[in-house]
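Quick note, the sequences are listed as chains A and B, same order.
Note that the first sequence covers residues 1 to 385 in the working numbering.
Note that the second sequence covers residues 386 to 770 in the working numbering.
Positions of the beta carbon are idealized from the N, C-alpha and C atoms, including for glycine.
None of the values given here were measured: they were computed from a predicted structure.
A short write-up of the structure that comes next.
There are 2 protein chains.
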Amino acid sequence: MPRVPTVQDVPARLLLGSGPSPVPERILKALAHPTVGHLDPAFGALQDDVAALLRATMKTTNKVTFPLSATGSGGMQAMVDTLVAPGDRVVVGVHGAFGGRMADALGRAGADVVKVEAEWGRALSVDALIEACADSSTRALFVVHGETSTGVAQPLDGLAEAVHAHDGLFLVDCVTSLAGHPLDLDAAGVDAAFSGTQKCLNVPPGLAPFTVGDRALGRLQRRSWYFDLQAMVDYWFADGPRAYHHTAPINMIYALHEGLRIVEEEGLAARWDRHARAHEALRAAFSVLGFERFAPDGEQLHSLLAVRVPESIDEAAVRGALLREDGIEVSGGLGPLAGRAWRIGVMGEGARQEPQERLIRAVTRRTNGDEHAAVRALADGWAAA
Amino acid sequence: MPRVPTVQDVPARLLLGSGPSPVPERILKALAHPTVGHLDPAFGALQDDVAALLRATMKTTNKVTFPLSATGSGGMQAMVDTLVAPGDRVVVGVHGAFGGRMADALGRAGADVVKVEAEWGRALSVDALIEACADSSTRALFVVHGETSTGVAQPLDGLAEAVHAHDGLFLVDCVTSLAGHPLDLDAAGVDAAFSGTQKCLNVPPGLAPFTVGDRALGRLQRRSWYFDLQAMVDYWFADGPRAYHHTAPINMIYALHEGLRIVEEEGLAARWDRHARAHEALRAAFSVLGFERFAPDGEQLHSLLAVRVPESIDEAAVRGALLREDGIEVSGGLGPLAGRAWRIGVMGEGARQEPQERLIRAVTRRTNGDEHAAVRALADGWAAA
Numbered sequence: 001m002p003r004v005p006t007v008q009d010v011p012a013r014l015l016l017g018s019g020p021s022p023v024p025e026r027i028l029k030a031l032a033h034p035t036v037g038h039l040d041p042a043f044g045a046l047q048d049d050v051a052a053l054l055r056a057t058m059k060t061t062n063k064v065t066f067p068l069s070a071t072g073s074g075g076m077q078a079m080v081d082t083l084v085a086p087g088d089r090v091v092v093g094v095h096g097a098f099g100g101r102m103a104d105a106l107g108r109a110g111a112d113v114v115k116v117e118a119e120w121g122r123a124l125s126v127d128a129l130i131e132a133c134a135d136s137s138t139r140a141l142f143v144v145h146g147e148t149s150t151g152v153a154q155p156l157d158g159l160a161e162a163v164h165a166h167d168g169l170f171l172v173d174c175v176t177s178l179a180g181h182p183l184d185l186d187a188a189g190v191d192a193a194f195s196g197t198q199k200c201l202n203v204p205p206g207l208a209p210f211t212v213g214d215r216a217l218g219r220l221q222r223r224s225w226y227f228d229l230q231a232m233v234d235y236w237f238a239d240g241p242r243a244y245h246h247t248a249p250i251n252m253i254y255a256l257h258e259g260l261r262i263v264e265e266e267g268l269a270a271r272w273d274r275h276a277r278a279h280e281a282l283r284a285a286f287s288v289l290g291f292e293r294f295a296p297d298g299e300q301l302h303s304l305l306a307v308r309v310p311e312s313i314d315e316a317a318v319r320g321a322l323l324r325e326d327g328i329e330v331s332g333g334l335g336p337l338a339g340r341a342w343r344i345g346v347m348g349e350g351a352r353q354e355p356q357e358r359l360i361r362a363v364t365r366r367t368n369g370d371e372h373a374a375v376r377a378l379a380d381g382w383a384a385a
Numbered sequence: 386m387p388r389v390p391t392v393q394d395v396p397a398r399l400l401l402g403s404g405p406s407p408v409p410e411r412i413l414k415a416l417a418h419p420t421v422g423h424l425d426p427a428f429g430a431l432q433d434d435v436a437a438l439l440r441a442t443m444k445t446t447n448k449v450t451f452p453l454s455a456t457g458s459g460g461m462q463a464m465v466d467t468l469v470a471p472g473d474r475v476v477v478g479v480h481g482a483f484g485g486r487m488a489d490a491l492g493r494a495g496a497d498v499v500k501v502e503a504e505w506g507r508a509l510s511v512d513a514l515i516e517a518c519a520d521s522s523t524r525a526l527f528v529v530h531g532e533t534s535t536g537v538a539q540p541l542d543g544l545a546e547a548v549h550a551h552d553g554l555f556l557v558d559c560v561t562s563l564a565g566h567p568l569d570l571d572a573a574g575v576d577a578a579f580s581g582t583q584k585c586l587n588v589p590p591g592l593a594p595f596t597v598g599d600r601a602l603g604r605l606q607r608r609s610w611y612f613d614l615q616a617m618v619d620y621w622f623a624d625g626p627r628a629y630h631h632t633a634p635i636n637m638i639y640a641l642h643e644g645l646r647i648v649e650e651e652g653l654a655a656r657w658d659r660h661a662r663a664h665e666a667l668r669a670a671f672s673v674l675g676f677e678r679f680a681p682d683g684e685q686l687h688s689l690l691a692v693r694v695p696e697s698i699d700e701a702a703v704r705g706a707l708l709r710e711d712g713i714e715v716s717g718g719l720g721p722l723a724g725r726a727w728r729i730g731v732m733g734e735g736a737r738q739e740p741q742e743r744l745i746r747a748v749t750r751r752t753n754g755d756e757h758a759a760v761r762a763l764a765d766g767w768a769a770a
């Protein structure tokens, strides 16, 4: 008879894939703090602080900034269900799996989806996006700021103006970029954005940090009961007593609070800088081993390094051995990059020299690479100003 | 300057309200187990076990039995988004807040909602539900098995036959009844049901246990990307490699696994019996204090005791003092019962004599009740066969 598994049988892993990322003990401890009720005033005080810390991390003054009770993809669904009406013309940038996913979700909701595409591994043309927004019936523009499938960061300059010209909404996915790659939502003129907890915040998956500004709040759709943003505003940001909508995921919000405190302690600018250094150091080390980054200089997403695996390497076999034997997770490619790419997380506690060195040593041993040279390239990268 | 709150500032509470319920240390420990990836085979083995344990707890052989990545109310939304098409005639039993919520959600989705109502505090008339299903265009019947707003359990006998006569679906909310009140989903002919983790499973809020049988799987709607049941089947129950849909809430699933193991260890029948005894003992003790149950004999939901607060008592003031000064949470009334009712959880570890005695002693002191008589009634209730 097979032994019944328990949670304790799940082995520890070094999470250097596309997420979840390494969760510090501090956050696990917060996660396991005794549960209280969703209407307990002591929890309410913590909610207020989560909202304040999240505003600082997202660089927004939007009052309505809080974690939705679903994973990052649930944040995408909430954006669709609350900010887009059937028939709305929505321009969607597609340069990877996550732009494609949004186009899919919008299509299911009956939107008139206008795709602007780019090759996987490249940023979208800002000019093409602006041109697509020229149609005065455009109700929204959506782009993925950090494409987790390709490791590309999308420039946002000029996009808000283009879609605001017709009172459309500028909508952004910042799941993988938040707290790891420079992003100022208010400066970029973003009307609503969603993120996830399991990337650069190092919190387990399960919540979708979400922010929405006044322009978007003025046109809320309420066709979903669960993703009814107004009902959530009445719970999170009530002037008087908080109005019960659904039971908030208490312990996950504990964990998010601790994750946001860690970001605050480090300072957002310092954290961005560290991610940039960690990215370049890891890139240099992988380059020594023949793994070259997809994103050209200037288009890279600091928090995710996507590299082309040399043809001589059986990527799935090596990736499997790294996980099972070395306890290190890296991610394979999605869509057209399946079988050709590795996606390596450079996220929060994963964006440090020690875990990266462990990964580089393991990869060199399994691919007969030059361990000494690769580790030195990593160290040199970290030592560079 | 106000001190910044931290999670550690949130005080411990005895959770005897409508949920969340007391979370045992074992479950908090599982929750804080190191996070792994959502495609890690070691996690996959745990997923299989979660599904098996959940089937046993729900008493169903449905393959598609798993936790959705949202709270219990998200399970309701998933039921609406995947099993009901716009224009569908859906009969909805409304005898409390949670039936009303489903009618609201279905209306937003464009269903033709036919309400069958009952007074808050009573079960729905099975005959009235059956009669409402006689219309051959009926595509579904929805009832709440355990009404958390009133403490009433709904008889399900005969309902499946009535709606199956026209190939309609029998849909059930078992959020508060699962693992606390007798329920055999397969015997009742239920086609799909959702639950929550924060009631009789004693797991923190954040997941929606969900089950769906073949009749319902044959007519899946896919208008929601996030609540796309087929995509979740391809992740949870793939014949080959699990297909990535969204990043599963890993640590919450750890906690659910541990909660389901505790149910298995006690045995479902023994657990139901314990909840019934705990309910009657607590009812007897509250009766001594002048708090009488709303539900008549035979209609009570074992896992939630809803009582009428004596007119002489300022319920909100006493409830607030219980929370702030005694560290005990009980819930007030919703809707027409606001200001008149208390809702007391009898859920999992809350369905034991010790926490109940702590509650009874605190209530008697704050209401000048007969502490000795009330505690004796509780003890006598527990001592009864």
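Strand pairing of residue i, partner residues [DSSP]
| i | result |
| --- | --- |
| A:E329 | A:L15 |
| B:W727 | B:V692 and B:G717 |
| B:P475 | The residue you asked about is not Pro; residue 475 of chain B is Val in the sequence shown. BP columns for B:V475 point to B:V498 and B:A525. |
| B:Q685 | B:V537 |
| B:A578 | B:V557 and B:T596 |
Nearest neighbour of residue i, chosen from the options [CA to CA]
| i | options | result |
| --- | --- | --- |
| B:L641 | B:T442, B:W727 and B:E516 | B:T442 |
| A:P336 | A:A153, A:S303, A:A51 and A:E119 | A:E119 |
| B:Y611 | B:Q738, B:L453 and B:I713 | B:L453 |
| A:C200 | A:L169, A:V23, A:A123 and A:S312 | A:V23 |
| B:G531 | B:L686, B:E714 and B:A654 | B:L686 |
| B:A616 | A:D104, A:A216 and A:A12 | A:D104 |
| A:P204 | B:T632, B:G598, B:R627 and B:R607 | B:T632 |
| A:A276 | A:D297, A:E265 and A:F291 | A:D297 |
| A:L323 | A:E280, A:G17 and A:V190 | A:G17 |
| B:V421 | A:V36, A:H38, A:L28 and A:G37 | A:L28 |
Assigned exposure category for residue i - 16 Cβ within 10 Å defines buried
| i | result |
| --- | --- |
| B:P426 | exposed |
| A:G75 | buried |
| A:E299 | buried |
| A:A165 | exposed |
| B:R486 | buried |
| B:G581 | buried |
| B:L400 | buried |
| A:S21 | buried |
| A:D173 | buried |
| B:D354 | An answer regarding residue 354 of chain B cannot be provided, because it is not within the stretch 386 to 770 covered by chain B. |
| A:M1 | Residue confidence is low: A:M1 scores 38 on pLDDT, short of 50, so the model does not pin down where it sits. Its coordinate-derived value is still stated next. Flag for A:M1 reads exposed. |
| A:P249 | buried |
Beta carbon proximity, residue i to chain B, threshold 8 Å
| i | result |
| --- | --- |
| A:K29 | yes |
| A:S73 | yes |
| A:Q77 | yes |
| A:D326 | no |
| A:V263 | no |
| A:Y235 | no |
| A:V23 | yes |
Any C-beta of chain A under 8 Å from that of residue i
| i | result |
| --- | --- |
| B:A455 | yes |
| B:A768 | no |
| B:T523 | no |
| B:G591 | yes |
| B:R493 | yes |
| B:M637 | yes |
| B:A681 | A quick correction: the sequence has Pro, not Ala, at residue 681 of chain B. Judged by the 8 Å Cβ criterion, B:P681 is not in contact with chain A. |
Beta-carbon proximity list for residue i, same chain, < 8 Å, skipping 5 on both sides
| i | result |
| --- | --- |
| A:L46 | I253, Y254 and H257 |
| A:V84 | V90, L106, A109, A111, R139, A140 and Q221 |
| A:L53 | H257, L260, R261, V263 and E264 |
Close beta carbons around residue i, own chain, < 6 Å, minus the five adjacent residues each side
| i | result |
| --- | --- |
| B:V392 | none |
| B:G603 | none |
| B:V703 | R751 |
Cβ-based neighbour list, residue i, same chain, cut-off 7 Å, excluding 5 preceding and 5 following
| i | result |
| --- | --- |
| B:A759 | A670, V673, L674, I745 and T749 |
| B:P540 | A508 and V511 |
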